[in-house]
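Residue numbers (full-length UniProt numbering): 1 to 178.
Every residue gets a Cβ at the ideal spot worked out from N, C-alpha and C, and that includes glycine.
Only one structure is covered here, and it is reproduced in the block below.
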């Protein structure tokens with residue numbers, strides 16, 4: 001029997017439509033990191049980002065029978081998540097975007113914290129200076145999103161993801177080397 005990793009997204013969708021709990025678990029495990037990446041790239045964090053991810057899964061539960069191309073579930077989820085993030089971010093009392101300092105680990109000693117903070121500030125500054133498309137792509141790559149998922153999330157042709165990725169990484173390296 002094939003592991004869930006070897007099963008295509010389309011097969012998982014078909015099985016989930018039939019009520020297969022393992023298929024649902026595999027879909028959630030496969031696509032939740034991508035959804036979190038999209039939510040974070042849109043400036044959402046904490047409970048608001050969680051709301052966007054949960055609302056995206058709810059939309060799939062509600063509309064799984066209407067998916068015309070089950071194999072494209074990743075792209076469909078990315079689009080829905082972007083829309084949910086937009087709705088939540090434009091809602092009253094939307095939280096401010098996260099800053100890299102929010103993620104700093106306070107447990108090491110003062111010298112180590114100072115070095116880590118400096119390194120993180122340089123990386124954050126370099127990322128802030130990059131176009132939004134590069135920032136989003138790098139975040140998605142960090143959570144192992146596929147080129148198809150990145151293509152859908154950024155509304156790019158799938159063939160342009162690799163070259164854009166290379167340019168973004170070169171630009172980031174160049175900023176950090178300065």
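Item: Report yes if the CB atom of residue 85 is closer than 8 angstroms to the CB atom of residue 153, and no otherwise.; Value: no
Item: For the alpha helix (DSSP H) containing residue 239, list its first residue and its last residue.; Value: With the chain represented from 1 up to 178, any question about residue 239 goes unanswered, as that position is not in the structure.
Item: For the candidate residues 137, 165, 147 and 164, whose alpha-carbon lies nearest to that of residue 37?; Value: 137
Item: Would you mind giving the Cβ-Cβ distance between residue 8 and residue 71, rounded to the nearest angstrom? I have them listed as a contact below 8 angstroms.; Value: 6 angstroms
Item: Could you tell me the alpha carbon to alpha carbon distance between residue 164 and residue 16, rounded to whole angstroms?; Value: 34 angstroms
Item: Start and end of the alpha helix (DSSP H) containing residue 149?; Value: 147 to 154
Item: Looking only at C-alpha atoms, which of 149, 130, 59 and 45 sits nearest to residue 31?; Value: 149
Item: Span of the alpha helix (DSSP H) holding residue 47?; Value: 46 to 63
Item: Under a Cβ-count criterion, where at least 16 other Cβ atoms within 10 Å of its own Cβ denotes burial, should residue 41 be classed as buried or exposed?; Value: buried
Item: Specify the secondary structure class of residue 121 as computed by DSSP and reduced to three states.; Value: helix
Item: Assign residue 144 to one of three DSSP states: helix, strand, or coil.; Value: coil
Item: Could you have a look at residue 130 and say whether DSSP puts it in helix, strand or coil?; Value: coil
Item: Hey, out of 129, 28 and 132, whose CA is closest to residue 56's CA?; Value: 28
Item: Does chain D have any CB closer than 8 angstroms to the CB of residue 129?; Value: Given the protein chain composition of this structure (a single chain), no chain D is represented.
Item: Suppose you measure from the CA of residue 63 to the CA of residue 177; what does that come to, to the nearest Å?; Value: 47 angstroms
Item: For the candidate residues 61, 26, 74 and 65, whose alpha-carbon lies nearest to that of residue 145?; Value: 74
Item: Classify residue 61 as buried or exposed, calling it buried when 16 or more other Cβ atoms lie within 10 Å of its own Cβ.; Value: exposed
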